[in-house]
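Under the numbering used here, the residues of the sequence shown are numbered 134 to 589, in order. Glycine included, every Cβ here is placed at the ideal spot set by N, Cα and C. None of the values given here were measured: they were computed from a predicted structure.
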Amino acid sequence: MDNRQATLELGTKPVGRLLMQYALPAIVAMVASSLYNMVDSIFIGQGVGPLAISGLAITFPFMNLSAAFGAAIGIGSCTFISVKLGQRDYDIANKVLGNNVMLNIIVGILFGGLCLLFLDPILRFFGASENTLPYAREYMQIILIGNAVTHLYFGLNAVLRSASKPRQAMYTTIFTVVLNAILDPLFIYTFELGIRGAAYATILSQFVALCWQWKMFSNPNELLHFDYSLFHVNAPIVKNIIGIGMSPFAMNSCACLVVIFINNSLMNYGGDLAVGAYGIANRIAFVFVMITMGINQGMQPIAGYNYGAQNYGRLLRVLKLSTIVATVVCTIGFLIAMVFPSSCARLFTTDQTLVDISAKAIRIMMMMFPIIGYQIVVTNFFQSIGKAKISMFLSLSRQLLFLVPALAGFSAIWGLNGVWAAMPFSDALASVVAAGLMMIYIKRFKELERRQMNNE
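Structural data, given as structure tokens:
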């Protein structure tokens with residue numbers, strides 16, 4: 134089957150089979166990606182120490198901010214590509230690919246360079262103490278030097294999924310995780326590079342994977358492929374990419390701000406180990422969030438294509454199936470968090486004080502997970518069909534409108550417990566808002582479907 138036929142199947146093949154076909158590789162890839170981050174944390178926590186875990190947690194805002202720029206380009210590009218493939222406009226789709234590459238290189242270099250110039254002040258602003266600053270600095274210096282590689286790696290993997298190649302995207306991620314897991318102990322223990330070794334392992338594994346991606350997209354027989362004459366910034370295309378990508382950009386930027394608030398609140402009420410506990414709890418929650426994001430990545434090309442083709446019945450079916458699967462996944466995460474929090478924490482550290490704080494954090498932070506899967510799916514659904522403003526609002530409602538005020542108010546009343554409690558509180562409110570908006574749009578899509586059936 135050629136690439137064009139595989140793309141056309143997005144509008145004809147049964148939705149359940151399509152979602153499985155696209156989501157399973159994406160889920161495997163996202164689980165692998167979450168393990169990728171977890172492996173670093175485990176080796177750093179067990180091999181360097183509890184303060185190193187806290188230092189790594191300080192870098193989360195950096196990761197979120199870098200991901201914000203990467204998502205604006207990567208998700209904006211792949212959503213744009215999916216819609217154009219649905220409209221069978223293959224020339225524009227290839228132009229979007231060329232702009233994806235150029236934007237990732239430009240943003241990756243600029244972001245990495247500027248952050249390196251002001252690294253220490255930024256880390257202190259993020260909540261680093263005298264104890265954790267050296268660890269955070271050593272890790273981020275290497276990560277920022279290789280930032281353009283990271284942007285290109287994630288950006289091209291997003292395009293692979295839009296180009297009807299979810300398995301190749303999955304294989305790329307798995308390869309990166311396995312190579313990182315091999316290099317981590319080598320650099321941390323054998324070469325005695327400590328936390329810096331984990332950063333070297335991360336960038337090197339991404340670079341090797343990027344080389345393979347580059348080779349795949351260099352094949353002119355592929356439906357989406359590199360045309361080096363298109364490797365320049367095209368203003369109208371960039372405007373469309375950024376317009377769609379503003380929602381994930383806002384979501385990740387807000388996540389950066391929120392983590393800064395959280396880290397500073399934790400330092401004020403619990404100290405360095407509370408920051409480390411948040412890092413551990415975040416890694417556990419991240420596994421189930423990433424599985425849900427894998428479901429969304431499987432949904433994205435199907436929803437984007439069928440919205441572009443005005444197949445509203447198929448659009449609603451993929452939304453329903455994605456919501457059901459995401460809810461099941463997040464409920465499993467909730468049960469694990471409630472029953473085995475201490476066992477989860479011991480994966481990262483042998484320090485009993487840190488284990489105890491982390492177990493409590495895991496239980497409270499993941500309290501609303503049975504409903505958060507729906508909120509994540511709805512937010513990404515609107516993004517997948519190009520409704521950037523709605524998706525952005527849903528992202529902002531959870532992180533800025535609800536979480537930041539809750540952090541300030543709850544921590545003032547209950548101290549450290551209030552910091553933890555603010556997170557499930559904002560999850561609950563954001564899920565209610567998402568449900569209300571989605572009900573309105575479901576009615577609209579059903580009405581459009583009914584009109585189509587009457588006109589046939």
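Only counting the same chain, and skipping five residues up and downstream in sequence, which positions put a Cβ closer than 8 Å to that of residue i?
i      : result
Lys217 : Tyr223, Ile225, Ala226, Val229 and Gly441
Ile238 : Ala281, His284 and Leu285
Gly144 : Gly219, Tyr438, Asn439, Ala442, Asn444 and Arg447
Phe258 : Ile393
Arg150 : none
Phe364 : Gly231, Val234 and Met235
Val420 : Val164, Ser167, Leu168, Met171 and Gly466
Given residue i, which residues of its chain have a CB within under 7 Å of its CB, disregarding the five upstream and five downstream residues?
i      : result
Ala342 : Tyr286, Thr305, Phe308 and Thr309
Ala521 : Gly376, Ile377, Met379 and Ser380
Asn313 : Tyr169, Val172, Ala334, Thr335 and Ser338
Met525 : Met379, Ser380 and Ala383
Asn197 : Asn385, Ala388, Cys389 and Val392
Asn550 : none
Val240 : Phe202, Ile206 and His284
Gln301 : Leu293 and Met349
Leu480 : Ile175
Met134 : Confidence in Met134 is poor, its pLDDT being 47 and thus under 50, which makes the residue's placement unreliable; the coordinate value appears in the next sentence. Taken in chain order, the list of residues that qualify is empty.
Leu316 : Ala334, Leu337 and Ser338
Whose C-alpha, out of the options, is nearest the C-alpha of residue i?
i      : options                           : result
Pro267 : Phe258, Asp253 and Gly412         : Asp253
Ile370 : Ile214, Val422 and Ala545         : Ile214
Ile505 : Pro474, Ser559 and Leu448         : Ser559
Ser386 : Ala156, Leu143, Leu250 and Phe202 : Phe202
Glu263 : Asp405, Ala205 and Asn290         : Asp405
Leu247 : Ser475, Phe195, Met500 and Val408 : Phe195
Ala156 : Ser476, Ser210, Asn444 and Thr456 : Thr456
Thr328 : Arg150, Ile177 and Val161         : The sequence given here places Ile at residue 328; Thr does not occur at that position. With distances taken between Cα atoms, Ile328 lies closest to Ile177.
Asp360 : Met471, Met235 and Leu184         : Met235
Arg531 : Met500, Phe258, Gly542 and Pro557 : Pro557
Thr265 : Leu184, Ala331 and Ala302         : Leu184
Val148 : Val451, Val462, Phe320 and Thr464 : Val451
His358 : Lys298, Ala332 and Thr145         : Lys298
Ile469 : Gly279, Pro434, Trp547 and Ala418 : Ala418
Leu454 : His365, Ser476 and Tyr507         : Tyr507
Leu289 : Glu142, Ala204 and Asn396         : Ala204
Gly180 : Pro318, Asn588 and Arg294         : Pro318
Gly519 : Ser475, Lys372 and Ala563         : Lys372
Val510 : Gly182, Ala563 and Glu325         : Ala563
In its own chain, which residues sit with a C-beta less than 6 Å from the C-beta of residue i, not counting the 5 before and 5 after it?
i      : result
Ala165 : Thr306, Ile307 and Val310
Leu168 : Val310
Arg416 : Met171 and Ser174
Ala478 : Ile413, Val488, Ser491 and Ala492
Gln433 : Ser517
Ser295 : Cys211, Ile214, Ser215 and Pro434
Ala545 : none
Thr97  : Residue numbering for the chain in the displayed model covers 134 to 589; residue 97 lies beyond these limits and cannot be assessed.
Tell whether a beta-carbon distance below 7 Å holds between residue i and residue j.
i      : j      : result
Thr512 : Leu533 : no
Tyr272 : Thr192 : yes
Ala567 : Ala555 : no
Ala459 : Ser517 : no
Ser187 : Val408 : yes
Cys211 : Val292 : yes
Val552 : Ser398 : yes
Ile374 : Gly209 : yes
Leu277 : Gly245 : yes
Met471 : Ala561 : no
Thr425 : Val461 : no
Gly542 : Tyr402 : no
Met590 : Gly569 : Examination of residue 590 is not possible in this model, given that the chain is present from 134 through 589 alone.
Phe320 : Gly330 : yes
Leu250 : Ala269 : no
Ile275 : Ala332 : yes
Assuming residue i contacts residue j (C-beta within less than 8 Å), just tell me the rounded distance between them.
i      : j      : result
Gly431 : Ala159 : 5 Å
Gly446 : Glu580 : Between Glu580 and Gly446 the Cβ distance is about 12 Å, and since that is not below 8 Å, they are no contact.
Ile523 : Phe535 : At roughly 17 Å, the Cβ-Cβ gap does not stay under 8 Å, so Ile523 and Phe535 are not in contact.
Met423 : Met163 : 4 Å
Leu449 : Ile242 : About 42 Å; that fails the 8 Å criterion.
Met303 : Val161 : 5 Å
Ile395 : Tyr411 : 6 Å
Self-check item: At least three beta-carbon pairs within less than 8 Å, the segment 492-502 to the segment 341-359
Solution: With the rule of 3 Cβ pairs closer than 8 Å, the segment 492-502 does not count as touching the segment 341-359.
Practice problem: Spell out a yes or no on whether the segment 480-492 and the segment 430-441 are touching, meaning 3 or more CB-CB pairs, one atom from each, closer than 8 Å. | Solution: Contact fails: fewer than three Cβ-Cβ distances are below 8 Å.
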